[in-house]
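Just below is one structure, and these are the notes that go with it.
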Amino acid sequence: MSEIALLLQGGLFLVALLTFVVVLIDKLKE
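Numbering (my numbering), first residue to last: 30 to 59.
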């Protein structure tokens, strides 16, 4: 149960980080 919660939290963190990077690159291109 704890491992699943940790994995889910890590996944959400990676998605948020990836989204931030994409937005940052998009802003730098303009």
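The C-beta atom is built at its ideal place from N, Cα and C for all residues, glycine as well.
Continuous alpha helix (DSSP H) stretch holding E59: start and end
Annotation for E59: no alpha helix (DSSP H) segment contains it, and DSSP assigns it neither H nor E.
Would you kindly work out how many angstroms separate the C-alpha atoms of L35 and K56, rounded to a whole number?
Taking the straight line joining both Cα atoms gives about 32 Å.
Own chain partners of V44 with C-beta closer than 8 Å, once the 5 adjacent residues on each side are dropped:
The same chain holds no residue with a CB closer than 8 Å to that of V44 once the five nearest residues on each side in sequence are set aside.
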